[in-house]
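Engineer: Before anything else, here's the structure in question.
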Amino acid sequence: MLAITVAITQANTQQLQPGDKLPDLVFQDVLNYPFDYLSLNDFKEKILIIDFWNTRCVACFKAFPKLDSLKQYFGDRVEVVLVNSESKEYTQDFFKKRPSLYKPRLPMITDGNRLSDLFPVDGYPYSAWIKNGVVKYYSGTHAITKETINRFLNGNDMVFRDPTLIKFTSSVDIHNYDYFSSISRCSDSINVGSTEAVKVKQGTAVAIASNCYSIRNLYCKAYGENGKYNFNKKYNVVLDVIDRFKYEYPVQSDSLDQWMRDYAYSYELLLPKEKTAKAYSIMQQDLARYFNLNASVELVNMDVLVLRKRNGVMKLNTKKIMASGDSVIQFNQIPFDQFGRELAVRIEQTLPIFIEAFQTEPVTCAIRYQSLYPLKIVNLRKDLSEAGFELIVDKRDVPVLFLRERLQTKQPH
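Below, the structure written as structure tokens:
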């Protein structure tokens with residue numbers, strides 16, 4: 022049974038809303054600032070953008086260079102302040118251990134829970150737009166561009182997709198149904214949440230939730246079946262459609278808000294816990310009923326990388342790489358399974374990798390960043406060889422998700 026129900030709860034009224042005045046808070050745990058403390062009162066007569074981030078948010082890291090560049094472009098006309106909830110020491114250590122990660126030059130408030138608690142931050146990255154000490158707008162960080170800042174400076178009304186979403190609560194007695202599911206357009210007033218896997222809800226039911234996903238990503242989730250497949254690579258999803266624009270997130274982030282309103286969807290599924298095994302099959306059926314796509318998982322023979330142990334006993338030699346002056350990723354006495362997973366994560370966006378080596382002893386290995394970003398197989402092969410492994414290119418069958426638009430058939434007269 023396909024059912025739709027919505028229960029809306031009120032947002033937390035204690036948090037700052039557009040039109041509210043920003044309180045004068047003082048923070049001492051600050052980075053990239055000429056003084057030992059930062060007072061919000063220093064910005065009360067300026068345009069201020071507060072960007073909230075955390076150390077587990079890849080999108081946040083990607084936004085740092087853009088935010089630095091925008092601050093440099095606008096100069097004293099705009100202030101941008103970064104905020105995270107980690108301690109000053111942890112944040113400094115976080116960047117120190119990741120030399121390849123771009124370190125922003127903007128003022129940064131650490132241990133900033135006092136500030137983030139004032140805002141309805143529901144995800145990261147997340148930004149608050151403030152003018153003359155008054156909160157004006159909330160947006161995702163992708164919406165911070167030269168165009169939007171210029172409009173804000175000129176006093177134009179802004180239209181952002183509101184990230185301060187009202188929470189969605191399913192008021193369904195699931196045991197009265199075979200299951201409950203809903204598909205709806207992405208909305209600023211409803212948030213079904215997002216879970217990467219089937220999640221137990223209230224002990225007696227399980228749920229799959231996907232808030233404001235592209236159609237492509239909904240299918241990748243449904244057919245990925247919680248880790249059975251990992252359909253998020255360019256080489257393992259084939260989209261055979263006339264107009265790709267409405268199926269995938271746009272490349273230009275400036276248009277993301279409008280695209281989300283027009284083409285993104287939210288999906289939620291609830292079913293009794295004892296029917297967990299049927300969850301992804303039901304999601305696949307729901308998508309097939311709603312969208313004009315045929316989906317199938319097929320094996321495709323393609324180039325892959327294969328990691329194997331080199332013959333004979335190898336003496337580990339990482340000193341040569343470490344002495345080269347290049348930035349390196351150092352694996353020091355870690356379990357082989359962990360090494361294989363971490364290597365795969367760094368390679369699989371470019372090529373599939375099959376781990377056919379096995380060893381019980383820990384792995385010590387140094388891999389140059391320039392071997393991975395972008396992937397240079399010759400360099401990577403040399404780095405792995407120093408640790409007793411060989412890397413070869415081979416042909417293998419790889420599961421690929423095909424999404425094909427259905428042919429429209431004419432109805433008989």
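To convert, take the position in the sequence shown, counting from 1, and add 21; that gives my numbering. Cβ atoms here follow ideal geometry from the backbone N, Cα and C, with glycine treated the same way.
#1: So, at 8 Å on beta carbons, what are the nonlocal neighbours of Val-262 in its own chain, with the 5 sequence-adjacent residues on each side left out?
#2: Within this structure, are the beta carbons of Val-321 and Tyr-244 separated by less than 9 Å?
#3: At which residues does the beta strand (DSSP E) containing Pro-420 begin and terminate?
#4: State the Cα-Cα distance for the pair Lys-242 and Gln-279, rounded to the nearest angstrom.
#5: Which same chain residues end up closer than 7 Å to Ile-204 when comparing Cβ atoms and leaving out the 5 residues on each side of it in sequence?
#6: Please classify Glu-202: is it buried, with 16 or more other beta-carbons within 10 angstroms of its beta-carbon, or exposed?
#7: Return the residue from the list Gln-380, Asp-97, Arg-402, Arg-182 that minimises the CA-CA distance to Ala-387.
#8: Quick one: measure Cβ to Cβ for Ala-226 and Pro-293, integer angstroms, because I've assumed they're closer than 8 Å.
#9: Could you check the C-alpha separation between Ala-28 and Asn-134 for me, to the nearest Å?
#10: Note down the Cα distance separating Leu-136 from Leu-46, rounded to an integer number of angstroms.
#11: Who does Cys-386 pair with in a DSSP beta bridge?
#12: Determine the extent of the alpha helix (DSSP H) in which Lys-403 is found, giving its start and end residues.
#13: Let's see if you can read the secondary structure: which residues bound the beta strand (DSSP E) around Ala-365?
#14: Just reading off the beta strand (DSSP E) that Val-79 is part of, what are its end residues?
#15: Can you tell me which of Pro-141, Val-414, Asn-251, Met-323 puts its alpha carbon nearest to the alpha carbon of Gln-36?
#16: Is it the case that the stretch 76–90 contacts the stretch 117–133, given that we only count it when at least three CB pairs across the two stretches are under 8 Å?
#17: Taking the alpha carbon of Trp-150 as the reference point, which residue from Met-323, Asp-132, Ile-130, Glu-100 has its own alpha carbon closest?
#18: Once you ignore the five residues that flank Lys-67 on each side, which residues in its own chain have a CB closer than 6 Å to its CB?
#19: On the criterion of 16 or more Cβ atoms from any shown chain inside 10 Å, does Arg-362 qualify as buried, or is it exposed?
#20: What is the DSSP secondary structure of Ser-108, counted as helix, strand or coil?
#21: Let me know if Met-335 comes out buried or exposed under the rule of 16 or more other beta-carbons within 10 Å of its beta-carbon.
#22: Just how far apart, CA to CA, sit Arg-329 and Ile-376?
#23: How is the beta strand (DSSP E) around Asp-72 delimited, first residue to last?
#24: Please state whether the Cβ-Cβ distance between Phe-360 and Thr-381 is less than 9 Å.
#25: To the nearest angstrom, how far is the alpha carbon of Ile-413 from that of Val-325?
#26: Do you know how far the Cα of Val-421 is from the Cα of Tyr-301?
#27: Note down, in chain order, each residue of its chain lying with its Cβ closer than 8 Å to the Cβ of Ile-130, except the 5 sequence neighbours on either side.
#28: Would you kindly report the start and end of the unbroken beta strand (DSSP E) that includes Ser-317?
#29: If we ignore side chains and look at the alpha-carbon of each, how far apart do Leu-291 and Ile-236 end up?
#30: Under 8 Å Cβ to Cβ from Val-366, same chain only, skipping five residues before and after it: list those, please.
#31: Nearest-angstrom Cα distance between Arg-265 and Thr-162?
#32: Is the beta carbon of Asn-238 sitting closer than 9 Å to the one on Tyr-270?
#33: Using 10 angstroms around the beta-carbon of Arg-182, count the other beta-carbons present and answer buried if the total reaches 16, otherwise exposed.
#34: Output the boundary residues of the alpha helix (DSSP H) element that contains Tyr-394.
#35: For Pro-383, which residues from the same chain have a beta carbon less than 8 Å from its beta carbon, with the 5 sequence-adjacent residues on both sides left out?
#36: CB-CB under 7 Å to Tyr-158, same chain, minus the five flanking residues each way: which ones, in chain order?
Structural biologist: Short version:
#1: Tyr-268, Leu-314, Leu-424, Arg-425, Glu-426.
#2: No, the Cβ-Cβ distance between Val-321 and Tyr-244 is not below 9 Å.
#3: It spans 410–426 - the beta strand (DSSP E) in which Pro-420 sits, taken as one unbroken run.
#4: Each residue's Cα considered, the two are about 23 Å apart.
#5: The residues are Tyr-286, Tyr-288, Asp-307, Tyr-311.
#6: Note on residue identity: the sequence assigns Ser, not Glu, to residue 202. Counting C-beta atoms within 10 angstroms of its own C-beta, Ser-202 has 16 or more neighbours from the protein chains shown and is therefore classed as buried.
#7: Closest option to Ala-387, Cα to Cα, is Arg-402.
#8: Between Ala-226 and Pro-293, the beta carbon gap of about 6 Å places them in contact (Cβ cut-off 8 Å).
#9: Since pLDDT at Ala-28 reaches only 31, below the 50 mark, its modelled position is unreliable, and no value is offered.
#10: Taking the CA atoms as reference points, Leu-136 sits about 8 Å from Leu-46.
#11: Looking at the DSSP assignment, Cys-386 forms a beta bridge with Phe-352.
#12: Element bounds for Lys-403: 398–406.
#13: Per DSSP, Ala-365 belongs to no beta strand (DSSP E); it is in the alpha helix (DSSP H), 357–368.
#14: For Val-79, there is no enclosing beta strand (DSSP E); the residue is found in the alpha helix (DSSP H) stretching over 79–95.
#15: Out of Pro-141, Val-414, Asn-251, Met-323, Pro-141 has the C-alpha closest to the C-alpha of Gln-36.
#16: Taking a cut-off of 8 Å on C-beta distances, the stretch 117–133 touches the stretch 76–90, as three or more cross pairs fall below it.
#17: Out of Met-323, Asp-132, Ile-130, Glu-100, Glu-100 has the C-alpha closest to the C-alpha of Trp-150.
#18: Within the same chain, Lys-67 has close Cβ partners Glu-100.
#19: When all chains shown are included, Arg-362 counts as exposed.
#20: If DSSP states are grouped into helix, strand and coil, Ser-108 belongs with coil.
#21: With a pLDDT of 47 at Met-335, under the threshold of 50, the modelled position of that residue is not reliable, and the figure given next carries that caveat. Classification for Met-335: exposed.
#22: Those two C-alpha atoms are separated by around 7 Å.
#23: Here the beta strand (DSSP E) through Asp-72 covers 68–73.
#24: Taking 9 Å as the cut-off, the beta carbon of Phe-360 is found no closer than this to the beta carbon of Thr-381.
#25: Cα to Cα, the separation comes out at about 8 Å.
#26: Answer to the nearest angstrom: the Cα atoms are 17 Å apart.
#27: If the five residues before and after Ile-130 are omitted, its C-beta is found closer than 8 Å to the C-beta atoms of Phe-48, Asp-50, Val-51, Leu-59, Val-102, Leu-103, Val-104, Asn-105, Leu-136, all from its own chain and listed in chain order.
#28: DSSP places Ser-317 inside the beta strand (DSSP E), whose first and last residues are 314–330.
#29: Going by the C-alpha atoms only, they are around 20 Å apart.
#30: Contacts found: none.
#31: The alpha-carbon atoms of Arg-265 and Thr-162 are separated by roughly 25 Å.
#32: The answer is yes: Cβ separation under 9 Å.
#33: Here Arg-182 is buried. Its C-beta has 16 or more other C-beta atoms within 10 Å.
#34: No alpha helix (DSSP H) holds Tyr-394; DSSP gives it neither H nor E.
#35: Closer than 8 Å at Cβ, skipping near neighbours: Gln-354, Ile-355, Pro-356, Phe-357.
#36: Around Tyr-158: Pro-39, Trp-150, Met-179, Phe-181.
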